[in-house]
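Numbering (our numbering), first residue to last: 477 to 912.
See the structure below:
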């Protein structure tokens, strides 16, 4: 019976552990959601190009209920700028997606047989300059403005009717960097009169839900490439050909570049800064010198430094490769040190000063909550919290539960064995004892 109880206890424990693992795994795979436009509903009049923005008051047919909700998923972080614009930061692998959850039956709005979404056959949008056309049962308008201030507007006609269909795709996926402005224009109709089901005429009302947001890459990386070979140049690299900057489509980074050369002075060779200026994607640099590239992401506060040497001067090559100052390198050369092909310094005595090739310098990220950049959002709008290591909490919970369960089993087994040893065996004829 003791063994049977132990087996039952083990079974219960294992089932509990499986349940915990499943629940934690499900929680760890949830994607963050951020809701947009929930307070933007306005009465846009009727046949005004959705240009009016009257508040929805208690006498309005749209009072007290909402059509649905917009939300964004698959981002790494959301911050809010001073003007209230929400900025979604993405990393490699993120595919930021805009969703709309329709919460109403478009033929029976707010459970009212008298209210339905109408087909707006002569709709147009004044703000977005959308020409007059059949909007269908709701028109979703998405305007994207890129880093050059070039805009493109995409129209999703009959949006609500498609959303009501189980087979329609009504998401807007894979947002690229830029600024976005979104509006959902729709028309609601209500019978002017209803005589035993006969509805000779309808009153129509236009409404609009609108919001703005921005998408930015979360990195602070720049990639220098040799202008002739096309090979990528890592930090502390040297080339005789020059290099070209590639931002890998991160268009909102602040990049500065400084060029230093060696000039003759009274004390020998010394640094001379020839320029320190902003750089841009695709810029090429072929003049001899040491180039220090500083990349800053204004939304995270993170900075990255890279140093590239162009030319064949050993002193500058060593300066770029090791970070040692020009006077220090000159002193070491005067004492007999030599410069290796990769820029390492080989002194007469002591260890070699190795090149920092490939190790980009990163400056710590500024706290976005300080207000210098923006406010990182942590409100009810963001429905789940994103974590860079979602399984870390899962592993901790499972480890604690598993350890506790094993400890319980060991204690139970130890107690069972101890009791069996303390209990004297009864002597019987079968055991070979005497028959009393």
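Cβ coordinates follow ideal geometry from the N, Cα and C atoms, glycine included. Computed from a predicted structure; not experimentally measured.
The C-alpha of residue 590 lies about 15 Å from the C-alpha of residue 541. For residue 538, no alpha helix (DSSP H) encloses it, and the DSSP letter there is neither H nor E. Secondary structure of residue 756 (DSSP, three-state): coil.
Between residue 544 and residue 579 the beta-carbon gap is near 5 Å, inside 8 Å, which marks them as a contact. The straight-line gap separating the alpha-carbon atoms of residue 622 and residue 655 is approximately 7 Å. Here the segment 718–730 makes contact with the segment 689–696; the two share three or more CB pairs at distances below 8 Å. In the structure shown, residue 798 falls within a helical segment according to DSSP collapsed to helix, strand and coil. Here residue 795 is buried. Its C-beta has 16 or more other C-beta atoms within 10 Å.
With respect to the 8 Å criterion, residue 802 and residue 738 are classified as neighbours on the basis of their beta carbons.
Unbroken beta strand (DSSP E) stretches of 3 residues or longer found wholly inside the segment 508–554: 509–512, 518–521 and 544–549, given in chain order.
With contacts defined as CB atoms closer than 8 Å, residue 820 and residue 830 qualify as a contacting pair. Buried is the label assigned to residue 663, since at least 16 other Cβ atoms lie within 10 Å of its Cβ.
Here residue 552 has 565, 566, 567, 570, 694 and 862 as same chain residues with Cβ atoms under 7 Å from its own Cβ, once five neighbours each way along the sequence are excluded. Restricting attention to 539, 513 and 631, the CA atom closest to the CA of residue 577 is found in 513. Sequence-distant Cβ neighbours of residue 668 in its own chain, meaning closer than 7 Å and more than five residues away, are 677, 678 and 679. Annotated three-state conformation of residue 779 is strand, per DSSP. Residue pairing by DSSP places residue 574 opposite 548 and 648 in a beta bridge. Under the three-state reduction of DSSP, residue 824 is assigned to coil, being neither helix nor strand.
Residue pairing by DSSP leaves residue 803 without any beta bridge partner. By the CB criterion at 8 Å, residue 772 and residue 779 fall inside the cutoff.
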